[in-house]
Amino acid sequence: MTDAIHWREAVKNRDTVALRRFTCTTKREGKKGPPPHEDQVQRYFRQHAITAANRSRDQGNGGRLMIAEDSLGIAAAYTHQRLTTKLPPKVLLALGFMGAGEVTRELCFLAVATRHRSKGGALADDAVARALYDIIDCEPEAERIHVFGQVDYNNKASMKMLERFNFRQLTQGVPPPTGDQRLGWWLHVIDPPP
Ligand SMILES: CC(C)(COP(=O)(O)OP(=O)(O)OC[C@H]1O[C@@H](n2cnc3c(N)ncnc32)[C@H](O)[C@@H]1OP(=O)(O)O)[C@@H](O)C(=O)NCCC(=O)NCCS
1 MTDAIHWREA
11 VKNRDTVALR
21 RFTCTTKREG
31 KKGPPPHEDQ
41 VQRYFRQHAI
51 TAANRSRDQG
61 NGGRLMIAED
71 SLGIAAAYTH
81 QRLTTKLPPK
91 VLLALGFMGA
101 GEVTRELCFL
111 AVATRHRSKG
121 GALADDAVAR
131 ALYDIIDCEP
141 EAERIHVFGQ
151 VDYNNKASMK
161 MLERFNFRQL
171 TQGVPPPTGD
181 QRLGWWLHVI
191 DPPP
C-alpha cells in the first residue's frame with residue numbers, strides 16, 4: 001500500500017483543508033473518545049501544524065511540515081525544527097558538551113492515518129526514516145545532529161516506533177499530578193556522512 005504514497009512539503013493554501021480532516025486516532029472500544037495523547041496530536045495537525053511550521057521558518061528555526069498522500073487524502077505527516085524547548089537538567093547532562101558543528105533538532109509530531117495503523121508500522125517507519133533524512137538535508141553543515149523527541153508516558157505505539165530507530169530514552173514521562181512531566185525525552189544522534 002505504501003508504494004502509492006507520495007511525500008511532499010505541506011503548503012498553506014493547498015493543504016489547510018485536507019489537514020483539518022486528517023484522522024490519526026479514533027474512539028477506542030469501551031472509552032468515551034480517542035486516547036487524549038493521540039487526540040492532542042490530531043488536533044495539532046488539524047489546527048496548528050501549518051501555521052506553526054511557517055512561523056518556525058520565519059523565526060529562523062527551520063520548521064518543516066511534510067505530508068504523505070494516498071488516494072484517500074493525507075496518509076501521514078511529520079514536523080521537525082531546530083530545538084527551541086529548554087532541556088531539563090538530566091537531558092542536558094546526556095547531551096554533554098556540544099562541539100562546533102553539532103546541532104540539535106526536534107522531531108516534534110508524527111502521525112499516520114488510522115487506515116494505516118495496526119499494519120505492522122510500515123508507514124510509520126517510512127515516515128521516521130524520511131524525517132531523519134529530511135533533518136540531515138536541513139542541516140547540510142552539521143557534523144553531528146542530536147534529534148530529540150518527546151513522548152507521552154502513555155504513548156506506547158510511539159515509544160515502540162522510536163525504539164525501532166534506536167532512539168534512546170533519556171527521561172521517562174510520569175502521570176499527573178507530578179507536575180507537567182507527561183512527556184519523556186528521547187534522543188537519536190546522527191553523524192551525517194561527510
Ligand atoms: C505513533 C504512530 C505513528 C506509530 O504507528 P505504528 O508504528 O504503525 O503503530 P500503530 O499505530 O499501529 O500502534 C499500534 C497500537 O495502536 C492502537 N491503534 C490502532 N489503531 C488505532 C486507532 N485507530 N485509534 C487508536 N489506537 C489505535 C493499536 O491497538 C495498538 O495498540 P496496542 O499495541 O496497545 O495493541 C501511530 O500510532 C500514530 O499515528 N499515533 C497517533 C499520533 C501519535 O500519537 N503520534 C506520536 C506522537 S507525535
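Each residue of the sequence shown is one higher than the last, beginning at 1 in the numbering used here.
Heads up, the beta-carbon is just placed ideally off N, CA and C, and yes, glycines get one too.
If you count every other CB in all the chains shown that lies within 10 Å of the CB of residue i, and 16 or more means buried, which is it?
{"i": "residue 97", "result": "exposed"}
{"i": "residue 4", "result": "exposed"}
{"i": "residue 147", "result": "buried"}
{"i": "residue 85", "result": "exposed"}
{"i": "residue 93", "result": "exposed"}
{"i": "residue 174", "result": "exposed"}
{"i": "residue 56", "result": "buried"}
{"i": "residue 99", "result": "exposed"}
Using beta-carbon positions only, say whether residue i and residue j come within less than 8 Å of one another.
{"i": "residue 76", "j": "residue 111", "result": "yes"}
{"i": "residue 50", "j": "residue 12", "result": "yes"}
{"i": "residue 128", "j": "residue 159", "result": "no"}
{"i": "residue 19", "j": "residue 45", "result": "yes"}
{"i": "residue 107", "j": "residue 190", "result": "no"}
{"i": "residue 145", "j": "residue 91", "result": "no"}
{"i": "residue 115", "j": "residue 153", "result": "no"}
Near residue i, which residues of its chain fall below 7 Å by C-beta distance, leaving aside the five closest residues on each side in sequence?
{"i": "residue 167", "result": "149, 186, 187, 188"}
{"i": "residue 2", "result": "Unreliable positioning characterises residue 2 in this predicted model, as indicated by a pLDDT of 46, which lies under 50. The coordinate reading is nonetheless provided below. Answer for residue 2: 122, 123, 126, listed in chain order."}
Considering only residues of the same chain and omitting the five flanking positions on each side of residue i, which have a CB-CB separation below 8 Å?
{"i": "residue 195", "result": "Since the displayed the chain opens at 1 and closes at 194, residue 195 lies outside it and no answer follows."}
{"i": "residue 95", "result": "87, 104, 146, 187"}
Quick one: does residue i have its CB under 8 Å from some CB of chain C?
{"i": "residue 188", "result": "Checking the listed chains, one finds no chain C in this structure; it contains a single protein chain."}
In its own chain, which residues sit with a C-beta less than 6 Å from the C-beta of residue i, not counting the 5 before and 5 after it?
{"i": "residue 192", "result": "136"}
{"i": "residue 101", "result": "143"}
### Query
In chain order, which continuous runs of the beta strand (DSSP E) of length 3 or greater are located wholly inside the segment 115 to 152?
144 to 152
At 3 residues or longer, what runs of the beta strand (DSSP E) sit wholly inside the segment 14 to 96? 64 to 70, 73 to 82
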